[in-house]
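Asks: Sharing a structure here in structure tokens format.
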Amino acid sequence: MSNRAVLEVIALDAEDAVAAQTGGADRLELVTDMAADGLTPSRATFAAIRAAVDIPLRVMLRVADGFAAGDIDVLVTKARELRSEGADEFVFGFLDADGRPDLVAVERIIAELDGCHWTFHRAIDRAADRDALRKSLADLPGLDTYLTAGSAAGVDDGIPTLLVEAARKGEPGYEQQILVGGGLRLSHLPELLDAGIDAVHIGGAARPGGWSGPVDAAAVREWRDVLDA
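Each position in the sequence shown, counted from 1, maps to that position plus 25 in the numbering used here.
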């Protein structure tokens, strides 16, 4: 298997997925409704994308804007439906009113996933205590990635935190891969890669026409080429 850096691209539909794979994406994050920062796509959308590409798909489990879990029963039902459709990688993560990880919601979802790999998404960037969050989640089955900008404000502000966390790789709570996304630009990559960060996540950067337009394979290829260089 290649040791190249992981490039994950947000896909809303099969057209996006094909363009992202053509441009060199290693994995897709599947969402709907970017006006709410990405919610769970339908089973039909997942099935269409799965049929269109052969790279890994991580499916968002989120039913409302923000980082509260909302109706946990609905989340669990969606997870069960997507599993029955063949989904085997997921993205989720919730905070309680005090900014701590909502372990009740997270553990109920994990119980439906039967060991599937999953990403704890950018809720970490709004946590009251990032280190405490990491340590409280450290032993949960399937958790292998944190999607983070290092700051709620984005990568520009979060780079110092990202570099510190990268340097702690392998410590308890820091075994998971750091997947950097949230205001990420090509100019950030040299410093992140030099620090040993080997996974990035793009959404708007893959869409020169904005979120109203599709993923552009050439835009994805530009990121692939910089990462590979």
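In this text, a Cβ means the ideal position worked out from N, Cα and C, and glycines have one as well. No experiment lies behind these values; they were computed from the predicted model shown.
Roughly how far, in whole angstroms, is the beta-carbon of L204 from the beta-carbon of I227, given that I think they are within contact range, below 8 Å?
Replies: No, L204 and I227 are not in contact; Cβ-Cβ is about 11 Å, not under 8 Å.
Asks: Residue ranges of each alpha helix (DSSP H) run of no fewer than 4 residues wholly in the region 41-78, ordered along the chain?
Replies: 68-77
Asks: Can you tell me where the alpha helix (DSSP H) with I135 in it begins and where it stops?
Replies: L128 to L138
Asks: Could you check what DSSP says for I184 in three-state terms: helix, strand or coil?
Replies: helix
Asks: With distance defined between alpha-carbon atoms, name the residue in L82, N28 and Q46 nearest to A231.
Replies: Q46
Asks: Beta-carbon within less than 8 Å of A152's beta-carbon, same chain only, minus the 5 sequence neighbours each way: which residues are those?
Replies: L120, G124, R125, P126 and L158
Asks: Among the residues of its own chain, which have a CB less than 6 Å from the CB of G221, if the five just before and after it don't count?
Replies: A191
Asks: Rounded to the nearest angstrom, what separates L162 and P239 at their Cα positions?
Replies: 35 Å
Asks: Roughly how far, in whole angstroms, is the beta-carbon of M85 from the beta-carbon of G118, given that I think they are within contact range, below 8 Å?
Replies: The pair is not a contact, with the Cβ atoms about 10 Å apart (cut-off 8 Å).
Asks: Nearest to D38 by alpha carbon, out of G179, L252, G198 and D241?
Replies: D241
Asks: Kindly indicate the opening and closing residues of the beta strand (DSSP E) around V84.
Replies: L82 to M85
Asks: Look at the alpha carbon of I74 and the alpha carbon of L128, and state the distance between them as a whole number of angstroms.
Replies: Each residue's alpha carbon lies about 30 Å from the other.
Asks: Bridge partners of Q202, per DSSP?
Replies: Per DSSP, the beta bridge partners of Q202 are T170.
Asks: How would you write the range of the beta strand (DSSP E) that W143 sits in, first residue to last?
Replies: H142 to F145
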